[in-house]
Each structure stands twice: as C-alpha cells, then as structure tokens.
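Notes follow the structure.
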Amino acid sequence: DAGVTQSPTHLIKTRGQQVTLRCSPKSGHDTVSWYQQALGQGPQFIFQYYEEEERQRGNFPDRFSGHQFPNYSSELNVNALLLGDSALYLCASSLTHEQFFGPGTRLTVL
Amino acid sequence: SQKIEQNSEALNIQEGKTATLTCNYTNYSPAYLQWYRQDPGRGPVFLLLIRENEKEKRKERLKVTFDTTLKQSLFHITASQPADSATYLCALPPTDSWGKFQFGAGTQVVVTP
Numbered sequence: 113d114a115g116v117t118q119s120p121t122h123l124i125k126t127r128g129q130q131v132t133l134r135c136s137p138k139s140g141h142d143t144v145s146w147y148q149q150a151l152g153q154g155p156q157f158i159f160q161y162y163e164e165e166e167r168q169r170g171n172f173p174d175r176f177s178g179h180q181f182p183n184y185s186s187e188l189n190v191n192a193l194l195l196g197d198s199a200l201y202l203c204a205s206s207l208t209h210e211q212f213f214g215p216g217t218r219l220t221v222l
Numbered sequence: 519s520q521k522i523e524q525n526s527e528a529l530n531i532q533e534g535k536t537a538t539l540t541c542n543y544t545n546y547s548p549a550y551l552q553w554y555r556q557d558p559g560r561g562p563v564f565l566l567l568i569r570e571n572e573k574e575k576r577k578e579r580l581k582v583t584f585d586t587t588l589k590q591s592l593f594h595i596t597a598s599q600p601a602d603s604a605t606y607l608c609a610l611p612p613t614d615s616w617g618k619f620q621f622g623a624g625t626q627v628v629v630t631p
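Keeping their order, the protein sequence lines are chains R and F.
Be aware that the first sequence starts at 113, since it is given in this note's numbering, and climbs by one per residue.
Be aware that the second sequence starts at 519, since it is given in this note's numbering, and climbs by one per residue.
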C-alpha cells in the first residue's frame, strides 16, 4: 500500500496565477480532506470531500476549490494566487477517525 | 468558536528524560482528542486517540491523559530518544459528525544525547 500520495512535491508560481494540486488517498479510503499549513502553524482545514461532494468547508475564500473523482482521488485548485497562499498543502484520507496524511505540496508564490 | 492551544516554545530535553506536552482547548466538549507527530517538511503521522471516557492511554513509550474538566490533554514521551525529536500536534474532532478537524500549532521537541 503506497499510502497517501501528493503531486507535485514543490511548486513555484507568481501572483495571480492558478494552481492545481493532486492527491491519491490510501487504498480503501473514501474521504479526502485538504489542509493548508503555514510555517510554524498547525494545519488549517480547507475542505473535505466524500462521494465526490464537498462535505465540509473551513474559512477559506472561494478561490480555493476542489474536486473528488470516482476513484476517490482529489484535486485542490487555487485561483488568483496571493503571496499569502505560500504554504505546505496537505491531503489526508480517512475511513474512520484516524487521518492519514500525504507528504504535502510546498507551494511558493512569488 | 473552539480554540486549541499548545505551548509554542520548543521543549529541549535530555535523552532518557520524560517530555510532557500540554494541549488546552476552550468552548468545546470533544468526544475524543488526537495526537500527531510531524517531522520537518513531512505530513503529520497519527499517534494516539483518547476518548472522553478514558483517563489515560498508552502506546509503547507514549502516554496521553485527557481531563475533560480542565479541558486539557497531556502527552508524555518517556525514556526520550533523539529520534523522538519532532513537532507534536494535538487535534480536536469536528463538532458535527464529519469534516473539520482543528489542529493546534504544535510543540517542537528536541531531544539531545
């Protein structure tokens, strides 16, 4: 079992651009959550997907959107990038209470 | 809204000693609380879950307590080793049945030989 995988590992974008991050959940997991983690902070919940629908959303603007595919993999899209969007973006999959995190995508916005 | 606090100062400890980390929360009565370990540049790794009706939970050299009256959880690493050096995060579950886990900022532990 490969566990949760994310791509790309690192990404550099400029302000105003758009970015798509990808996540493949752990085998058998149907729920995917996305988190943003700024340096020195804990992960902040962005949203969660279950059965291809957004089930819960944190306090993030509409520039952050997502998608879940029938195979449970997921994408996070961020439009009109701001400098403050620079962070580690984490994907977590779960079946019950325990969340399994991927290695994250480090996004740098210049 | 609920608030979760962890000691932001790094905990420096000598190998073999016990490290004790604190997680305090307000405006919430969680059914359980979780602890995760995070190494630099990596995703968090689940360590332990303790339920509201459990006073204490152990896993190898790790021990977690949960005081719902004080709204506090303590995380202990006994006989600490340099390999235990990492940031430890506590997390509260969603207020509804799914979704929004809330994480503390984490406490960095540095174990020196």
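Even glycine gets a Cβ: it sits at the ideal position worked out from N, Cα and C.
Interface flag, F181 of chain R vs chain F, CB-CB below 8 Å: no
When you compare the CB of D209 of chain R with every CB in chain F, is at least one pair closer than 8 Å? The sequence given here has His at residue 209 of chain R, not Asp. Chain F, which has a Cβ nearer than 8 Å to the Cβ of H209 of chain R, makes this yes.
Please identify the residue among F:K521, F:K535 and F:S519 whose C-alpha is closest to the C-alpha of T596 of chain F. F:K535
Is I568 of chain F near S591 of chain F, with beta carbons less than 8 Å apart? yes
Using DSSP with H/G/I as helix, E/B as strand and the rest coil, what is G115 of chain R? coil
Which whole-angstrom value describes the C-beta separation of R565 of chain F and R555 of chain F, a residue pair presumed to lie in contact below a C-beta threshold of 8 Å? Looking at the sequence itself, residue 565 of chain F is Leu, so the reference to Arg does not match. Going by Cβ atoms, the distance from L565 of chain F to R555 of chain F rounds to 6 Å, so yes, they are a contact pair.
Based on DSSP bridge pairs, tell me the residues matched to D142 of chain R. Answer is none; D142 of chain R lacks a bridge partner.
Residues near S145 of chain R by beta carbon distance below 6 Å, same chain, minus five either side: Q160 and A204
Are the C-beta atoms of A528 of chain F and some chain R residue less than 8 Å apart? no
Cβ shell of S177 of chain R (< 6 Å), same chain only, five flanking positions each side left out: N189
Label S519 of chain F either buried or exposed according to how many other C-beta atoms from any shown protein chain fall within 10 Å of its C-beta, with 16 as the threshold for buried. exposed
Beta carbon of Q524 of chain F, beta carbon of A609 of chain F: below 8 Å? no
So, is the C-beta of P120 of chain R closer than 8 Å to a C-beta in chain F? no
Same chain only: Cβ atoms within 6 Å of E166 of chain R, ignoring 5 sequence neighbours per side: F159
Give the residues from the segment 154-169 of chain R that approach chain F closer than 9 Å (Cβ to any Cβ), ordered along the chain. G154, P155, Q156, F157, F159, Q160, Y162, R167, Q168 and R169
Amino acids of chain A, ordered along the chain, whose beta-carbon sits closer than 8 Å to that of Y550 of chain F: No chain A appears in the structure shown, which is made up of the protein chains R and F.
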